[in-house]
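Q: Listed in order, the protein sequences are those of chains A and B.
If you're matching positions, the first sequence starts at 6 in this note's numbering and goes up one per residue.
If you're matching positions, the second sequence starts at 3 in this note's numbering and goes up one per residue.
Just so you know, even glycine gets a beta-carbon here, dropped at the ideal spot from N, CA and C.
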Amino acid sequence: MDVGTFAGPFLPEIFLLAGALLIFLLDVLNVRRNELVGAIAVAGILLALVFVVADLGFAPLAALATIPSGQIDVVPTGTPLYTFTSLGLVFQGIFLSAALLVSLASLSRPSNERGASIFYGLLLIATLGMVLVAIASDLIFLLLAIEVSSIATYLLVAYTRRDPRSLEAAMKFYIIGALSTVLSFFGASLLYGAYGTTNLVAIAAARGAVGFPVLILLGYGFLIAGLAFKATLVPFHAWAVDVYDGAPTDVTSFLAGGSKKVGIFAFFLVFLAPVLFVRTAAAGVPFTTGSVALGPVLQITLSVIAVLTMTLGNVLALLQKEMKRMLAYSSISQAGYMLIGIAVGTSPALAGATLQVFAHVFMKGGAFLVVAGVTALGVGPLIEDYRGLGVRKPLLGLAFGLMLLSLAGVPLTIGFVSKFVLFSAAVEAKGYFVWLAVAGLLNSALSVFYYARVLKVMFFDQPAPRAGPVGAIVGGSEPARLPVGGLGYGRAAAIALAVIVILAFGVYPQLILGPIQSAAQHFVSVGL
Amino acid sequence: MSFPLISLVLATLLAGTVATFAAGRFARWVALGTSIAFLAEVALLLLAFPGWPGYSSAAIPGFAESETYAWIRLSWMHIDYAVGVDGISLVFILLTAILQIATVVYSWGEEQRPGAYFGLVLLTCLGCFGVFVALDVLLFFLFWEAVLVPMFFLIGFWGGPNRRYAALKFFVYTHVASIVMLVGLLALVFYSGASSFDFSSIYAAARGLGPVTQTFLFLALFFGFGVKFPIVPFHTWLPDAHVEAPTGGSVLLAGLLLKLGGYGLIRWAVEVLPSGLHTAQPILYFVAFLSIIWGSVLSLSQRDLKRLVAYSSINHMGIVLLAIALDSSLGLLAAVLLMFAHGIVSGLLFMTAGSVHHTYGTRDIASLGGITPRTPALSTMIMVGSLASLGLPALISFPAEFTALLATWNGLAYWVFIPLGILVVTAGFYIWMMQRVLFGPPKGIPLEAHEVPWYEGVGMGLLVVLTVLFGILPSLLVNVIVSSPVKGFPGT
Numbered sequence: 006m007d008v009g010t011f012a013g014p015f016l017p018e019i020f021l022l023a024g025a026l027l028i029f030l031l032d033v034l035n036v037r038r039n040e041l042v043g044a045i046a047v048a049g050i051l052l053a054l055v056f057v058v059a060d061l062g063f064a065p066l067a068a069l070a071t072i073p074s075g076q077i078d079v080v081p082t083g084t085p086l087y088t089f090t091s092l093g094l095v096f097q098g099i100f101l102s103a104a105l106l107v108s109l110a111s112l113s114r115p116s117n118e119r120g121a122s123i124f125y126g127l128l129l130i131a132t133l134g135m136v137l138v139a140i141a142s143d144l145i146f147l148l149l150a151i152e153v154s155s156i157a158t159y160l161l162v163a164y165t166r167r168d169p170r171s172l173e174a175a176m177k178f179y180i181i182g183a184l185s186t187v188l189s190f191f192g193a194s195l196l197y198g199a200y201g202t203t204n205l206v207a208i209a210a211a212r213g214a215v216g217f218p219v220l221i222l223l224g225y226g227f228l229i230a231g232l233a234f235k236a237t238l239v240p241f242h243a244w245a246v247d248v249y250d251g252a253p254t255d256v257t258s259f260l261a262g263g264s265k266k267v268g269i270f271a272f273f274l275v276f277l278a279p280v281l282f283v284r285t286a287a288a289g290v291p292f293t294t295g296s297v298a299l300g301p302v303l304q305i306t307l308s309v310i311a312v313l314t315m316t317l318g319n320v321l322a323l324l325q326k327e328m329k330r331m332l333a334y335s336s337i338s339q340a341g342y343m344l345i346g347i348a349v350g351t352s353p354a355l356a357g358a359t360l361q362v363f364a365h366v367f368m369k370g371g372a373f374l375v376v377a378g379v380t381a382l383g384v385g386p387l388i389e390d391y392r393g394l395g396v397r398k399p400l401l402g403l404a405f406g407l408m409l410l411s412l413a414g415v416p417l418t419i420g421f422v423s424k425f426v427l428f429s430a431a432v433e434a435k436g437y438f439v440w441l442a443v444a445g446l447l448n449s450a451l452s453v454f455y456y457a458r459v460l461k462v463m464f465f466d467q468p469a470p471r472a473g474p475v476g477a478i479v480g481g482s483e484p485a486r487l488p489v490g491g492l493g494y495g496r497a498a499a500i501a502l503a504v505i506v507i508l509a510f511g512v513y514p515q516l517i518l519g520p521i522q523s524a525a526q527h528f529v530s531v532g533l
Numbered sequence: 003m004s005f006p007l008i009s010l011v012l013a014t015l016l017a018g019t020v021a022t023f024a025a026g027r028f029a030r031w032v033a034l035g036t037s038i039a040f041l042a043e044v045a046l047l048l049l050a051f052p053g054w055p056g057y058s059s060a061a062i063p064g065f066a067e068s069e070t071y072a073w074i075r076l077s078w079m080h081i082d083y084a085v086g087v088d089g090i091s092l093v094f095i096l097l098t099a100i101l102q103i104a105t106v107v108y109s110w111g112e113e114q115r116p117g118a119y120f121g122l123v124l125l126t127c128l129g130c131f132g133v134f135v136a137l138d139v140l141l142f143f144l145f146w147e148a149v150l151v152p153m154f155f156l157i158g159f160w161g162g163p164n165r166r167y168a169a170l171k172f173f174v175y176t177h178v179a180s181i182v183m184l185v186g187l188l189a190l191v192f193y194s195g196a197s198s199f200d201f202s203s204i205y206a207a208a209r210g211l212g213p214v215t216q217t218f219l220f221l222a223l224f225f226g227f228g229v230k231f232p233i234v235p236f237h238t239w240l241p242d243a244h245v246e247a248p249t250g251g252s253v254l255l256a257g258l259l260l261k262l263g264g265y266g267l268i269r270w271a272v273e274v275l276p277s278g279l280h281t282a283q284p285i286l287y288f289v290a291f292l293s294i295i296w297g298s299v300l301s302l303s304q305r306d307l308k309r310l311v312a313y314s315s316i317n318h319m320g321i322v323l324l325a326i327a328l329d330s331s332l333g334l335l336a337a338v339l340l341m342f343a344h345g346i347v348s349g350l351l352f353m354t355a356g357s358v359h360h361t362y363g364t365r366d367i368a369s370l371g372g373i374t375p376r377t378p379a380l381s382t383m384i385m386v387g388s389l390a391s392l393g394l395p396a397l398i399s400f401p402a403e404f405t406a407l408l409a410t411w412n413g414l415a416y417w418v419f420i421p422l423g424i425l426v427v428t429a430g431f432y433i434w435m436m437q438r439v440l441f442g443p444p445k446g447i448p449l450e451a452h453e454v455p456w457y458e459g460v461g462m463g464l465l466v467v468l469t470v471l472f473g474i475l476p477s478l479l480v481n482v483i484v485s486s487p488v489k490g491f492p493g494t
């Protein structure tokens with residue numbers, strides 16, 4: 006096998022790594038031009054994204070596809086560390102989109118600001134780890150890839166090294182992250198004890214035929230706990246709010262929009278096989294632990310976690326006074342919706358959850374980018390501080406409003422489509438999953454209130470009397486005036502991109518649903 | 003018919019709504035223009051319909067005018083942009099067009115943010131029109147929800163002193179109900195194994211459902227649609243919403259929004275789940291009689307003109323539910339006729355209540371008296387509305403209520419005396435109200451009170467004319483309704 010054949014499928018990873026190394030090299034050489042570093046990062050991510058989309062079979066880019074057709078969506082032979090699946094590629098695209106949004110927005114930073122190289126380099130490394138997660142087919146490979154992205158994100162939270170809140174958040178993030186890693190690896194080791202392998206393909210092939218029911222149950226239990234930390238699921242969610250709140254807001258956008266979806270995809274990877282084998286029991290031996298079928302137990306556990314996560318996230322979001330904390334809790338509740346996908350475990354449900362993950366990048370990631378921009382304009386952290394923003398900055402207000410409406414699941418936005426597909430998939434699966442859909446719908450109804458409250462504050466409340474002009478930061482120097490309403494071109498472009506995606510796929514979702522659906526079908530049929 | 007007339011109507015309403023929001027001071031003119039265009043297009047729809055000469059071919063069986071474009075195509079989910087009209091929906095569309103133009107004219111003097119006000123009025127009517135033409139579950143749900151939001155704002159911004167509470171209650175009640183409705187519709191699609199979310203395929207597939215499944219689905223849909231009716235005991239949002247809503251909002255609420263529940267029940271539950279209806283019939287009868295009696299008893303004790311009309315709406319919609327529950331073609335005809343009549347008449351009554359409030363500063367029945375000499379035109383309209391509401395022959399409600407009672411007699415024999423007796427009670431109360439407010443000794447009349455402004459008069463006058471017209475010529479509507487190929491109607 007020559008190098009080209011081997012390296013071809015890994016072009017996205019190579020671009021990310023090369024970009025990161027180049028950025029660090031420039032930093033060592035004392036080239037600290039923020040525009041240049043940012044451009045390298047954006048270019049690396051864009052190139053990676055292009056190849057991922059080409060590999061997904063997007064016709065205009067077909068010539069660039071590098072994964073041979075025989076290597077994608079087929080049941081792997083042996084016990085490989087990685088496998089290419091369409092759904093994995095879709096998730097790679099999702100992770101890269103989140104990174105693209107954040108790196109685009111960060112182009113707006115003042116060119117003399119310190120730390121840009123570290124920020125972009127770590128962002129690329131974190132993305133690299135996430136992209137590797139999406140092709141994992143071995144528990145150890147999966148957990149190591151998560152580790153790569155996690156360590157980069159711990160550092161990202163604290164990259165400014167000045168703000169004590171960021172440092173505290175990073176510390177908390179690091180300790181909790183280490184705990185979650187320990188739990189996950191312990192779970193994996195228990196499964197190794199039962200199955201004699203950590204390979205997901207081999208585990209799926211062995212099914213329940215190995216005995217050791219207690220080991221298997223405990224192993225999956227620890228894996229649920231460890232991965233639930235990553236995906237911010239109740240009751241392992243508490244860290245997320247403080248970290249999202251304390252991190253620099255652009256980094257929060259990346260954490261909420263991109264990094265936590267790693268946990269969701271890991272849930273897909275690890276739990277699909279056991280969940281799936283009960284749904285297609287006729288085709289093979291059901292996945293059992295001794296006499297107990299494992300699938301229903303997992304499905305009920307995941308369903309309960311999903312309902313708890315949605316409900317608790319929503320209820321707590323209702324009570325928040327600060328914008329970032331409100332968005333953080335809403336982010337937790339959205340993770341609950343996504344978990345419905347794997348709890349139901351059918352290909353429509355997986356497709357719905359994947360679309361929900363995709364939508365969340367642009368709705369929540371975009372919303373945090375707006376918050377970061379607005380904060381730089383001198384607006385305070387409280388929801389009350391956004392009074393009259395929709396009147397003072399109508400375009401920005403409308404964009405933010407659209408993102409919130411999409412999060413609330415209002416029709417003709419992508420947030421509605423993803424929830425509609427997800428909940429109808431739950432109804433389609435019949436049984437008690439119908440109640441999962443009811444719980445999800447009631448939760449969306451509940452969430453309307455706190456999103457609508459922000460809209461009311463932005464558009465209907467009178468602006469507070471201001472001490473200084475917009476753009477002044479109390480106790481600081483006048484920030485550099487940026488074009489496009491004080492946001493800068495980069496951030497404006499990122500926000501515009503998010504708005505376009507929310508609207509375009511909201512009105513005509515077929516464009517994105519088609520590929521996701523076939524990816525989910527292949528994923529289920531591979532049954533990794 | 004190849005010409006996409008229904009989409010054209012939707013586009014007209016959408017463009018008109020957007021333009022109205024943007025038009026500021028000229029909003030009322032834009033709204034009026036949109037309403038006239040809408041009415042003209044509805045007239046075209048009527049002309050191209052079997053009840054009238056010039057009938058054309060149909061793409062979806064049973065729907066004379068229909069358009070279908072692919073929207074979302076997944077292996078397990080086919081969603082189309084599918085719209086169409088049959089006789090039943092056409093009657094409701096006509097009602098929408100009439101009430102829209104009447105409301106716009108009646109509210110001509112609205113000074114508080116006219117752009118937003120008229121825009122929201124048009125948006126409500128757009129949503130209602132969409133509900134009446136949608137033939138796809140998702141599209142239906144989109145429009146159904148689209149009605150909710152503008153009405154919420156109409157009540158919440160232009161309403162009375164307690165408007166925030168009323169708007170929130172309206173929103174919570176109807177939103178929770180529509181969630182149940184959505185789950186019911188989705189379950190209908192997936193449990194029946196329909197090949198798409200399209201009405202015709204659901205209609206065909208639902209025949210294969212067992213009676214137990216049908217009953218559960220029917221009850222879920224009945225709850226979802228019933229709260230909009232509103233059925234007792236989920237009716238309490240209605241009086242609050244009506245009392246606090248601005249007059250235009252009340253007219254649309256009673257005239258159109260309540261009809262959404264009835265239309266939805268007929269279209270998506272009664273037609274589709276016949277044995278579900280059959281099993282659930284006792285429940286429907288019980289709820290219907292409860293609504294009839296409860297609405298009428300409570301309307302007896304009301305002092306506020308608007309509350310009086312609101313509770314009598316519950317009573318009337320109870321009769322509609324009874325007529326639907328009868329599961330006969332005559333009952334269905336009666337239900338549709340009743341809803342049309344109630345739309346016109348309650349719209350008229352809410353307008354008169356609003357005008358009384360503007361002119362005399364109160365809607366309290368007890369503190370008003372002998373207003374006829376001061377405002378003869380307004381009194382005449384109140385009289386026409388009240389007489390129509392109590393079912394005087396030659397006015398619009400009479401043929402509807404007569405058909406309903408006849409159908410009840412056919413289906414339930416002596417039970418007919420419950421709605422009949424209640425009708426007498428309501429009639430008595432309306433007459434008593436007229437006697438006190440219109441003819442008694444003058445009371446509570448401010449010196450500066452004078453006849454209503456021209457636009458309010460024109461708005462109410464339009465509805466008065468239609469009350470009389472359709473009272474004398476109910477066949478205009480009946481011919482259209484019975485052209486629908488459902489429930490043993492002769493069809494076309």
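Would you identify the three-state DSSP class for N319/A, choosing helix, strand or coil?
A: Of the three classes helix, strand and coil, the one that applies to N319/A here is helix, per DSSP.
Q: Looking only at DSSP bridge pairs, what is T364/B linked to?
A: Partner(s): none; T364/B has no beta bridge.
Q: Residues of chain A with CB under 9 Å from E147/B, in chain order?
A: Near E147/B (Cβ distances below 9 Å), the residues of chain A are V415, P416.
Q: Does any C-beta atom of chain A lie closer than 8 Å to the C-beta of G56/B?
A: Bear in mind that a pLDDT of 40 at G56/B, under 50, signals an unreliable position, so the number given afterwards is only what the model happens to contain. Answer no: the Cβ-Cβ gap between G56/B and chain A never drops below 8 Å.
Q: Quick one: residues in its chain with C-beta nearer than 8 Å to the C-beta of L414/B, no 5 flanking neighbours on either side, listed in chain order?
A: Here the set comprises Y287, L328.
Q: When you compare only the Cα positions, how much space is there between L516/A and L92/A?
A: L516/A and L92/A: Cα-Cα distance of roughly 16 Å.
Q: Report the residue from P443/B, A256/B, T14/B, G333/B whose alpha carbon sits nearest the alpha carbon of M353/B.
A: Out of P443/B, A256/B, T14/B, G333/B, A256/B has the C-alpha closest to the C-alpha of M353/B.
Q: Grab me the residues of A343/B's own chain with a C-beta within less than 6 Å of its C-beta, minus the 5 sequence neighbours each way, in chain order.
A: Excluding sequence neighbours, A343/B sits near I398, S399, A402.
Q: When the distance is taken between beta carbons, is G393/B closer than 8 Å to Y108/B?
A: Their beta carbons are not under 8 Å apart, which means Y108/B does not touch G393/B by this criterion.
Q: Quick check on G76/A: buried or exposed, where buried means 16 or more other Cβ atoms within 10 Å of its Cβ?
A: Per the sequence shown, residue 76/A should be read as Gln rather than Gly. The residue in question, Q76/A, is exposed, as its Cβ has fewer than 16 Cβ neighbours within 10 Å.
Q: Suppose only complete runs of 4+ residues qualify. What are the alpha helix (DSSP H) ranges in the stretch 325–357 of chain A, listed by chain order?
A: Here the runs fully enclosed are 328–349.
Q: Kindly say whether F425/A, judged by its beta-carbon, lies nearer than 8 Å to any beta-carbon of chain B.
A: At least one chain B Cβ lies under 8 Å of F425/A.
Q: Since I believe A174/A is in contact with D247/A (beta carbons under 8 Å), could you give me their beta-carbon distance rounded to a whole number of angstroms?
A: With a Cβ gap of about 6 Å, D247/A and A174/A count as contacting.
Q: Between which residues of its own chain and I38/B is the CB-CB distance below 8 Å, once the five residues before and five after are set aside?
A: Only I103 meet the Cβ criterion.
Q: State yes or no: is the C-beta of L360/A within less than 8 Å of the C-beta of L518/A?
A: Yes; because the gap between Cβ atoms is below 8 Å, this pair is in contact.
Q: Quick one: does R165/B have its CB under 8 Å from some CB of chain A?
A: Not closer than 8 Å to any Cβ of chain A, the Cβ of R165/B fails to qualify, so no.
Q: Please confirm whether E152/A has its beta-carbon closer than 8 Å to some beta-carbon of chain B.
A: By this cut-off, E152/A is not an interface position.
Q: Excluding five sequence neighbours on each side, which residues of the same chain lie with their C-beta closer than 8 Å to the C-beta of T428/B?
A: Around T428/B: S298, S301, S314, N317, S391, L392.
Q: What residues of chain A sit near W78/B, judged by a beta carbon separation below 7 Å?
A: Near W78/B (Cβ distances below 7 Å), the residues of chain A are P353, E433.
Q: What residues in the stretch 498–525 of chain A have a beta carbon less than 7 Å from any beta carbon of chain B?
A: From the stretch 498–525 of chain A, only P514, Q515, L518, Q522 have a Cβ closer than 7 Å to chain B.
Q: Less than 8 Å between CB atoms is the rule here; does A189/B satisfy it with respect to chain A?
A: Taking Cβ atoms only, chain A reaches closer than 8 Å to A189/B, which makes this a yes.
Q: Figure out for me which residue from L196/A, L41/A, G491/A has the closest Cα to the Cα of F217/A.
A: It is L196/A whose Cα lies nearest to the Cα of F217/A.
Q: Counting only Cβ pairs nearer than 8 Å, list the residues of chain B close to L447/A.
A: What L447/A touches in chain B: V178, I181.
Q: So S429/A contacts chain B; which residues on that side make the cut at Cβ distance below 7 Å?
A: Within 7 Å Cβ-Cβ: M79, L188.
Q: With DSSP as the reference, label A252/A as helix, strand or coil.
A: If DSSP states are grouped into helix, strand and coil, A252/A belongs with coil.
Q: Starting from A450/A, find everything on chain B with Cβ-Cβ shorter than 7 Å and list it in chain order.
A: What A450/A touches in chain B: H177, V178, I181.
Q: Please classify I39/A as buried or exposed, where buried requires at least 16 other C-beta atoms within 10 Å of its C-beta.
A: Sequence check: residue 39/A is Asn here, not Ile. Buried is the call here.
Q: With the cut-off set at 8 Å, would you say W209/B and P116/B are in Cβ contact?
A: First, the amino acid is wrong: residue 209/B is Arg here, not Trp. Going by C-beta atoms, R209/B is not nearer than 8 Å to P116/B.
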